[in-house]
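Colleague: Before I ask anything, here is the structure I am working with.
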Amino acid sequence: MRYFIELSYNGGAYHGWQNQPTAISVQEIIEKALSTLLKEPIAIVGAGRTDTGVHASQMFAHFNTEVSFDKKQLTYKLNSFLPKDVAIHKIFKVKDDAHARFDALSRTYLYRMTLKKNVFSFNQALYMKQGLDVDKMKEATEILFQYKDFQCFSKSNTDVKTYNCTIMKAEWFFKDNELHFVVKADRFLRNMVRAIVGTMINIGLGKITADDLHTIIKSKNRSEAGYSVPAHALYLTHVEYPNSIKLDD
């Protein structure tokens, strides 16, 4: 049987989602917990590969097992077993060929910035000391919808077949004294969101213009885009799947 897990995690203590040979990952600790509780080796596949320090308020992963179990009880046991910075919300049965990564229709990320020093959010949002022209940043965001190839925002030496992504939503807005950037796409390249935000900050600071974004994207050159903003303020917030993959709730 194949099952999906819905979970969230604070990525501060982890070297990303994916298993690492010499560092702790979110995937590793969940696999160890599942293997211990189900008493058989369990491997999981996540909806994405968040980088070191990136958080997820909603993440999905799938695993296979022939062991029968009560889904609510296993959820409770996992939450008791796992550290406080990882939470399991739900386990549900899916079709045998359902895939947490490849069946995802879209993913949504949030980047949080605070424009005033805040002693309670310094490890959750990026503190921007300089003033930003948010209207210029909003203007530049509209340009993203005109393109598909975002190689300029991709981490170098990434093994992908295509740099094409369809951005469905991208917007800046203020919420609770923070400046938020939300972006939704069918897929994301490694480091893509952090590079987009870094480029937008340069626009907001007046270092480049909104029109310069056309040249940057067309260049397909990572060095032409802005810096990669810190990971601690980035959150995977939503992963969308077709309802047809579910066999139960």
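Going from the sequence shown to our numbering is simple: count from 1 and add 6. Even for Gly, the Cβ is constructed at its ideal location relative to N, Cα and C.
Alpha carbon to alpha carbon, how far is Cys158 from Ser225? Give it in angstroms, no decimals.
Modeller: Counting from one through the sequence shown, the residue named residue 225 turns up at place 219. Counting from one through the sequence shown, the residue named residue 158 turns up at place 152. Each residue's alpha carbon lies about 7 Å from the other.
Colleague: Are there 16 or more other CB atoms within 10 angstroms of the CB of Tyr233, so buried, or fewer, so exposed?
Modeller: Reading the sequence shown from its first residue, position 227 is the one you call residue 233. The residue is exposed, with fewer than 16 neighbouring Cβ atoms inside 10 Å.
Colleague: Which residue's Cα is closest to the Cα of Glu184: Ser127, Asn197 and Ser31?
Modeller: Taking the first residue of the sequence shown as 1, we reach residue 184 at position 178. With distances taken between Cα atoms, Glu184 lies closest to Ser127.
Colleague: By the three-class DSSP mapping on this structure, what secondary structure does Leu84 have?
Modeller: By 1-based counting over the sequence shown, the position of residue 84 is 78. In this structure, Leu84 counts as helix in the three-state DSSP scheme.
Colleague: With distances taken Cα to Cα, identify the nearest neighbour of Asp192 among Asn227, His61, Lys45 and Glu246.
Modeller: Locating residue 192 in the sequence shown gives position 186, where the first residue counts as 1. Of the candidates Asn227, His61, Lys45 and Glu246, the one whose C-alpha sits nearest the C-alpha of Asp192 is Glu246.
Colleague: Assign Lys181 to one of three DSSP states: helix, strand, or coil.
Modeller: Locating residue 181 in the sequence shown gives position 175, where the first residue counts as 1. In this structure, Lys181 counts as strand in the three-state DSSP scheme.
Colleague: Can the beta-carbon of Cys171 be found less than 9 Å from the beta-carbon of Phe194?
Modeller: For this step, residue 171 is matched to residue 165 along the sequence shown. For this step, residue 194 is matched to residue 188 along the sequence shown. Yes; because the gap between Cβ atoms is below 9 Å, this pair is in contact.
Colleague: If you scan the region 71–146 from start to end, which runs of the alpha helix (DSSP H) of 4 or more residues do you find wholly inside it?
Modeller: Those alpha helix (DSSP H) runs which fall completely within the region 71–146 and span 4+ residues are 77–87.
Colleague: Beta-carbon within less than 8 Å of Lys144's beta-carbon, same chain only, minus the 5 sequence neighbours each way: which residues are those?
Modeller: The count along the sequence shown starts at 1 and reaches residue 144 at position 138. So the list reads Glu177 and Trp178, once near-sequence residues are dropped.
Colleague: By DSSP, does His186 sit in helix, in strand, or in coil?
Modeller: For the purposes of this step, residue 186 is identified with residue 180 of the sequence shown, where counting begins at 1. Note: His186 maps to strand in three-state DSSP.
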